[in-house]
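Beneath this line is the structure, given in structure tokens, with notes to follow.
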Amino acid sequence: MPVVSMTSAASSSDKTPSFEMTWGSSASSGYCSDSDSDSEFEQYFTARTSFFPKIRKDTVSPAVKQDEQIECSKQELTVVDVQQKVKEYNAQINSNLFMNMNKDGSYTGFIKVQFKLARPVSVPTPKKGGNDTGGRRASGVKRRTSFYLPKDASKHLHISSRTSAREVIEALLKKFTVVDNPAKFALFERSERHDQVYVRKLSDTERPLRLRLCAGPNEKVLSFVLKENETGEVNWHAFSMPELKNFLRILQREEEEHIKQIVQRYALARTKMQEALAGSTPG
Numbered sequence: 005m006p007v008v009s010m011t012s013a014a015s016s017s018d019k020t021p022s023f024e025m026t027w028g029s030s031a032s033s034g035y036c037s038d039s040d041s042d043s044e045f046e047q048y049f050t051a052r053t054s055f056f057p058k059i060r061k062d063t064v065s066p067a068v069k070q071d072e073q074i075e076c077s078k079q080e081l082t083v084v085d086v087q088q089k090v091k092e093y094n095a096q097i098n099s100n101l102f103m104n105m106n107k108d109g110s111y112t113g114f115i116k117v118q119f120k121l122a123r124p125v126s127v128p129t130p131k132k133g134g135n136d137t138g139g140r141r142a143s144g145v146k147r148r149t150s151f152y153l154p155k156d157a158s159k160h161l162h163i164s165s166r167t168s169a170r171e172v173i174e175a176l177l178k179k180f181t182v183v184d185n186p187a188k189f190a191l192f193e194r195s196e197r198h199d200q201v202y203v204r205k206l207s208d209t210e211r212p213l214r215l216r217l218c219a220g221p222n223e224k225v226l227s228f229v230l231k232e233n234e235t236g237e238v239n240w241h242a243f244s245m246p247e248l249k250n251f252l253r254i255l256q257r258e259e260e261e262h263i264k265q266i267v268q269r270y271a272l273a274r275t276k277m278q279e280a281l282a283g284s285t286p287g
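5 is the number of the first residue of the sequence shown in our numbering; add one for each residue after it.
So this is what it looks like as structure tokens:
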């Protein structure tokens with residue numbers, strides 16, 4: 005995993021991709037804690053009511069129509085081109101999230117990344133009195149805490165034009181101290197055109213700030229979303245025993261809730277039918 009340095013926009017002339025993060029207030033937490041449970045090596049937090057994600061309305065299109073913004077992102081831009089586009093970009097925004105040119109021809113600016121994760125992420129369990137400096141119990145088993153990120157949480161990231169999509173993912177996980185493998189996640193671009201929503205997975209080497217510059221500041225034209233890097237069916241063998249047990253508990257709660265809803269719906273329908281029968285005239 006490459007080491008990414010955090011610096012200010014004024015010092016981004018270094019050749020190493022550098023960025024600084026500024027965070028909004030949209031990621032406030034609200035988790036149900038089971039922190040007193042020491043019977044398992046992994047604690048579990050959840051703010052979701054369902055284990056299975058709801059059907060998403062986004063249309064994943066493997067062949068998105070090429071518009072001017074997409075064509076721009078594929079072209080080689082001269083320093084003069086970049087300067088002009090940065091000027092046009094800054095003229096369109098109503099905040100202080102400006103882009104800035106550097107002497108070496110690179111530029112820095114902000115991107116907003118929205119989180120749409122269907123599965124929990126893992127972070128190191130906070131140290132307690134029984135833990136040593138390595139975050140391990142006396143048994144030598146490392147503890148982790150799994151939790152769902154708040155729905156539709158988003159973060160503003162200050163990055164360089166040299167920052168890759170993979171480095172953006174790694175920086176976001178580092179900010180949340182997520183210990184999951186970054187390869188489990190992918191950065192997507194989302195766009196709305198002609199009442200249709202298109203989602204495209206970015207390659208690890210693509211430059212999100214370049215895409216942002218070419219598309220302009222309009223979030224409907226282009227926005228960034230962090231999702232799981234879906235590669236097929238879920239490999240349940242890759243999860244730990246505590247994680248699988250917690251998943252089973254969530255499934256059981258969801259099954260019980262569905263059964264309760266079905267029973268209530270049929271009971272209501274039966275009551276209405278009986279009322280109709282009682283009020284009807286024979287014959």
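Ideal Cβ placement from N, Cα and C applies to all residues, glycine included. Quantities reported herein were computed from a predicted structural model and do not represent experimental measurements.
| Check | Outcome |
| --- | --- |
| Using the rule of at least 16 other Cβ atoms within 10 Å of the residue's Cβ for burial, across every protein chain shown, is Met103 buried or exposed? | buried |
| Please confirm whether Ser165 and Thr112 have their CB atoms less than 9 Å apart. | yes |
| Do the CB positions of Leu161 and Leu177 come within less than 9 Å of each other? | no |
| Count the C-beta pairs between the region 204-212 and the region 178-191 that are closer than 8 Å, then say yes if the count reaches three, no if not. | yes |
| Using the Cβ count rule (16 or more neighbours within 10 Å means buried), how would you classify Ala169? | buried |
| Whole angstroms is fine: what's the gap from Ser65's alpha carbon to Leu121's? | Its pLDDT being 45, under 50, Ser65 is placed unreliably in this model, and the value from its coordinates should be taken loosely. Spanning the two alpha carbons is a distance of roughly 19 Å. |
| With a Cβ-Cβ cutoff of 9 Å, do Phe114 and Ile173 count as a contact? | no |
| Between Asp85 and the rest of its own chain, which residues show a CB-CB distance below 8 Å, the 5 nearest in sequence each way excluded? | none |
| Near Ser195, which residues of its chain fall below 7 Å by C-beta distance, leaving aside the five closest residues on each side in sequence? | Tyr202, Val225 and Leu226 |
| Would DSSP call Lys276 helix, strand or coil? | helix |
| For Ala219, count neighbouring Cβ atoms within 10 angstroms of its own Cβ and tell me buried if that reaches 16, exposed if not. | buried |
| Identify, in the order they occur along the chain, each residue of the same chain with its Cβ nearer than 6 Å to the Cβ of Glu210, setting aside the five sequence neighbours on each side. | Ala169 |
| Quick one: measure Cβ to Cβ for Glu223 and Arg123, integer angstroms, because I've assumed they're closer than 8 Å. | About 25 Å separates the two Cβ atoms, so there is no contact after all. |
| Looking at the secondary structure, which residues open and close the alpha helix (DSSP H) in which Gln87 lies? | Val83 to Gln96 |
| What do you get for Thr129, buried or exposed, if any count of 16 or more other CB atoms within 10 angstroms of its CB means buried? | buried |
| From the DSSP output, in three-state form, read off Gly283 for me. | helix |
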